[in-house]
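Below is one structure, written out as structure tokens, with a few remarks after it.
There are 2 protein chains.
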Amino acid sequence: MEDNAVVSSAPKHPPTIYDVAQAAGVSKSLVSLVLRGSPHVSEARRTAVLQAMARLDYRPSHAAAALAGATTRTIGVVLDDFRNLWFVSLLQGLQEGLAPHGFRIAVSDHTLNAHVEASPLDGFLAMRVDGLVVATEPTEAMRVPAGLPVVVAGNRQGTVPGADVVAADDRHGARLATEHLLELGHRRIGHLTGSGGAARLRAEGFRDALDRADLPSPVARGHGGTTEQDGYAAASRILDDGPATTAVLAANDTMAMGALAAAGERGLRVPEDLSVVGYDDSPMAATHLLRLTSVDGRNAEVGATAAELLMSRATEPDRAARRTLLSPALVVRASSAPPRPA
Amino acid sequence: MEDNAVVSSAPKHPPTIYDVAQAAGVSKSLVSLVLRGSPHVSEARRTAVLQAMARLDYRPSHAAAALAGATTRTIGVVLDDFRNLWFVSLLQGLQEGLAPHGFRIAVSDHTLNAHVEASPLDGFLAMRVDGLVVATEPTEAMRVPAGLPVVVAGNRQGTVPGADVVAADDRHGARLATEHLLELGHRRIGHLTGSGGAARLRAEGFRDALDRADLPSPVARGHGGTTEQDGYAAASRILDDGPATTAVLAANDTMAMGALAAAGERGLRVPEDLSVVGYDDSPMAATHLLRLTSVDGRNAEVGATAAELLMSRATEPDRAARRTLLSPALVVRASSAPPRPA
Numbered sequence: 001m002e003d004n005a006v007v008s009s010a011p012k013h014p015p016t017i018y019d020v021a022q023a024a025g026v027s028k029s030l031v032s033l034v035l036r037g038s039p040h041v042s043e044a045r046r047t048a049v050l051q052a053m054a055r056l057d058y059r060p061s062h063a064a065a066a067l068a069g070a071t072t073r074t075i076g077v078v079l080d081d082f083r084n085l086w087f088v089s090l091l092q093g094l095q096e097g098l099a100p101h102g103f104r105i106a107v108s109d110h111t112l113n114a115h116v117e118a119s120p121l122d123g124f125l126a127m128r129v130d131g132l133v134v135a136t137e138p139t140e141a142m143r144v145p146a147g148l149p150v151v152v153a154g155n156r157q158g159t160v161p162g163a164d165v166v167a168a169d170d171r172h173g174a175r176l177a178t179e180h181l182l183e184l185g186h187r188r189i190g191h192l193t194g195s196g197g198a199a200r201l202r203a204e205g206f207r208d209a210l211d212r213a214d215l216p217s218p219v220a221r222g223h224g225g226t227t228e229q230d231g232y233a234a235a236s237r238i239l240d241d242g243p244a245t246t247a248v249l250a251a252n253d254t255m256a257m258g259a260l261a262a263a264g265e266r267g268l269r270v271p272e273d274l275s276v277v278g279y280d281d282s283p284m285a286a287t288h289l290l291r292l293t294s295v296d297g298r299n300a301e302v303g304a305t306a307a308e309l310l311m312s313r314a315t316e317p318d319r320a321a322r323r324t325l326l327s328p329a330l331v332v333r334a335s336s337a338p339p340r341p342a
Numbered sequence: 001m002e003d004n005a006v007v008s009s010a011p012k013h014p015p016t017i018y019d020v021a022q023a024a025g026v027s028k029s030l031v032s033l034v035l036r037g038s039p040h041v042s043e044a045r046r047t048a049v050l051q052a053m054a055r056l057d058y059r060p061s062h063a064a065a066a067l068a069g070a071t072t073r074t075i076g077v078v079l080d081d082f083r084n085l086w087f088v089s090l091l092q093g094l095q096e097g098l099a100p101h102g103f104r105i106a107v108s109d110h111t112l113n114a115h116v117e118a119s120p121l122d123g124f125l126a127m128r129v130d131g132l133v134v135a136t137e138p139t140e141a142m143r144v145p146a147g148l149p150v151v152v153a154g155n156r157q158g159t160v161p162g163a164d165v166v167a168a169d170d171r172h173g174a175r176l177a178t179e180h181l182l183e184l185g186h187r188r189i190g191h192l193t194g195s196g197g198a199a200r201l202r203a204e205g206f207r208d209a210l211d212r213a214d215l216p217s218p219v220a221r222g223h224g225g226t227t228e229q230d231g232y233a234a235a236s237r238i239l240d241d242g243p244a245t246t247a248v249l250a251a252n253d254t255m256a257m258g259a260l261a262a263a264g265e266r267g268l269r270v271p272e273d274l275s276v277v278g279y280d281d282s283p284m285a286a287t288h289l290l291r292l293t294s295v296d297g298r299n300a301e302v303g304a305t306a307a308e309l310l311m312s313r314a315t316e317p318d319r320a321a322r323r324t325l326l327s328p329a330l331v332v333r334a335s336s337a338p339p340r341p342a
């Protein structure tokens, strides 16, 4: 429809924060607190304010403009695949970091929009977002207007010009996971390699640990996949080769699911016959069904740091781009244990 | 930042479709085909056009404005929980339906934005989307400007004024799944009830089938959850009650995962000792690990139909709201089988 179809829908005189305060029977400063997502507001008063906003058709975007000259008070996040749940805690951390500033989040899976976009950022640029989080591999086509805050989240091949970067140390995380398996006594360890910059670093960390242990070159298969099917196929090849592999490290939790399936089909119990370790500590890893030992890539903190970096651009528009590297942590669950005595 | 910070980033004279065609060495009509996501373009020529667009910093939004006076050429989709993967095929179907029209998709999980929004639609309204898909329970606060196409996708409690609705017949789908278990010979069947309008209809369909079979009132537990933990807790209660339940229908695939875990912890094999049926036929159901019998809620077609309804508003702005109901289909996998002979 026409631009003015939307514009005309707004009241001739958009309601102000004072109108909302009056309608809700609270102070203007309390309305501001609600807009900023402050935890220091009772549920009852928060509800009263939100209901008043709805009644008056008051849009946070009006407030946004008033508060900071922002265009939409929205941060756009570009992901690569909604099916791999690693991003859930990143969005949670981002939301918590943005809440005090009253910004919201919109997400796109750029594979969904590839048919219409030269760059997966274009949609959000057209929507006049106030900042971008790139949580997928940057491409040459990713151009950003001068002054628009951009953060590349996670270890990627290449970056976006002028963007800050926040990531966890994937190489270190994979080394931690592999050392965990070595300490349990495993000596034949396979790696289900993934695709992308993070996966490459994870494969390097896996090799680091085996080199330090002076083990023969590891079984590593996967051919750059990311899905449960990829993990299933790679683990099947490893398990059907002799001598017996007693543990596998997957490049992500989704591929680890495939390894659990491949083991089950061969009558191998996890962890008695095969230890399986994932990566990302996604919601999948914590399920009762998987109880998967995994590497916490600190995605909640990656998201929270991305929020800080985006917000700090408002006060330091010309600062140099920053790179923040966080240390991952191993989360031991039921899918890893010592190998059977030979 | 200021609105003009973004605007000024665009070339003084935005590149036209002709500039792109010239730079890519193709015809203007071929560029249009690429913009519309036509399948009838070779990968090589499509790449050439996309690269030319990137070089010239040509934004599809410019094209959108030229093509149809659209504001952002974007459809906003509001979901309730990124962790439940039922929406993946809905987005796929929506994308395929929008591609010929050159529209992109942006998604938000309204629980992420509740801190800043009176209504989960506000963000997309501020971003001037050209249409909305509401794939969560509508709330009173959901107000939409006159003339903005809105589709409520899935069976919801309540709707959005003026919105079209497209859903699958959840009551019928749950009856199909329950009849499948009855035909296999199960007589003690539990239902892990979910939350929301769709889940309520699924519980009714479950009861319909048991009533027709003249069975005693079914074991139904779940207390309105949606997560794997909810399914695990509900299935645990059912399995720890006697007499032995031999099959469970979960309100969604995520809850079914919890049922598989509860069975495993009790040494019950699926399907030999317990049949488990999910709902949504999400990517999770098709994994090698779950091989879950599930109900295909036709989410791809729900998405494709939502796209048609949104696009048809452009030609019929004043037509009455439509309600489309699709018939679900049972997808039988390895998690359901006849019960052991008593």
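Going down the list, the protein sequences come from chains R and B.
Using the numbering used here, the letters of the first sequence map in sequence onto residues 1 to 342.
Using the numbering used here, the letters of the second sequence map in sequence onto residues 1 to 342.
Where is the CB? At the ideal position from N, CA and C, for every residue including glycine.
Values in this document were obtained by computation on a predicted structure and should not be read as measured data.
Please name the residue or residues paired with residue i in a DSSP beta bridge.
i        : result
B/Ser294 : B/Val331
B/Ser108 : B/Val78
B/Thr324 : B/Val166
R/Val270 : DSSP output for R/Val270 lists no bridge partner at all.
When the cut-off is 7 Å and only beta carbons count, does residue i lie next to chain R?
i        : result
B/Thr74  : yes
B/Glu364 : No information on residue 364 of chain B is available, as it lies outside the stretch 1 to 342 that chain B covers here.
B/Ile17  : no
B/Met311 : no
B/Ile189 : no
B/Met255 : no
B/Leu201 : no
B/Pro283 : yes
B/Leu330 : no
B/Ser61  : Legend: pLDDT at B/Ser61 = 45, less than 50; position of this residue unreliable, no value from coordinates given.
B/Gly123 : yes
Residue i to residue j, Cα distance in whole Å?
i        : j        : result
B/Val332 : B/Met53  : 46 Å
R/Ser108 : R/Gly197 : 20 Å
R/Ile105 : R/Val88  : 13 Å
R/Ala146 : R/Thr315 : 15 Å
B/Pro138 : B/Arg156 : 7 Å
B/Leu359 : B/Ala244 : A query on residue 359 of chain B cannot be resolved here, the shown segment of chain B reaching from 1 to 342 and no further.
R/Thr226 : B/Val151 : 33 Å
B/Asp281 : B/Ala300 : 11 Å
B/Glu272 : B/Pro338 : 8 Å
R/Thr178 : R/Phe206 : 6 Å
R/Tyr18  : R/Leu85  : 41 Å
B/Ser336 : R/Gly242 : 34 Å
B/Ala28  : B/Leu289 : In the sequence as presented, Ala is not what sits at residue 28 of chain B; that position holds Lys. Approximately 49 Å between the Cα atoms of the pair.
B/Leu325 : B/Arg212 : 23 Å
B/Val166 : B/Gln95  : 16 Å
Check this for me: beta carbons of residue i and residue j, under 7 Å apart or not?
i        : j        : result
R/Ala93  : R/Val129 : With the sequence shown as reference, residue 93 of chain R is identified as Gly, and Ala is not the correct amino acid for it. Cβ atoms of R/Gly93 and R/Val129: not closer than 7 Å.
R/Ala163 : R/Leu79  : no
B/Ala168 : B/Arg298 : yes
R/Ala285 : R/Asp253 : yes
B/Val295 : B/Ala153 : no
R/Ala259 : R/Ala250 : yes
B/Leu239 : B/Arg266 : yes
R/Thr111 : R/His186 : no
B/Met352 : B/Leu121 : In the structure as shown, chain B starts at 1 and stops at 342, and residue 352 of chain B therefore has no counterpart that could be examined.
B/Ala329 : B/Leu98  : no
R/Ala235 : R/Val248 : yes
R/Ala21  : R/Val31  : yes
R/Leu192 : R/Gly224 : no
B/Thr287 : R/Met257 : yes
Chain B beta carbons: is any one of them nearer than 7 Å to that of residue i?
i        : result
R/Thr305 : no
R/Leu30  : no
R/Ala66  : Residue confidence is low: R/Ala66 scores 34 on pLDDT, short of 50, so the model does not pin down where it sits. No coordinate-derived value is stated.
R/Asp57  : yes
R/Tyr279 : no
R/Ser42  : no
R/Asn113 : yes
Consider the C-beta atom of residue i and the heavy atoms of the ligand FMN; say whether any pair is separated by less than 6 Å.
i        : result
R/Ala247 : Summarising the ligand content, the structure contains no ligands, and the ligand FMN is consequently not present.
Discussion item. List, from N- to C-terminal side, the alpha helix (DSSP H) runs of 4 residues or more that fit wholly inside the stretch 225-250 of chain B.
Written reply: You should have 228-240.
Worksheet item: Which ranges would you report for the beta strand (DSSP E) in the stretch 115-149 of chain R if only whole runs of at least 3 residues count?
Response: Counting whole runs of 3 or more residues, the stretch 115-149 of chain R contains the beta strand (DSSP E) stretches 131-135.
Worksheet entry | Segments of 3+ residues assigned as beta strand (DSSP E) that fall wholly inside the stretch 164-210 of chain B | With a minimum length of 3 residues, the continuous beta strand (DSSP E) runs that stay inside the stretch 164-210 of chain B are 164-168 and 189-192.
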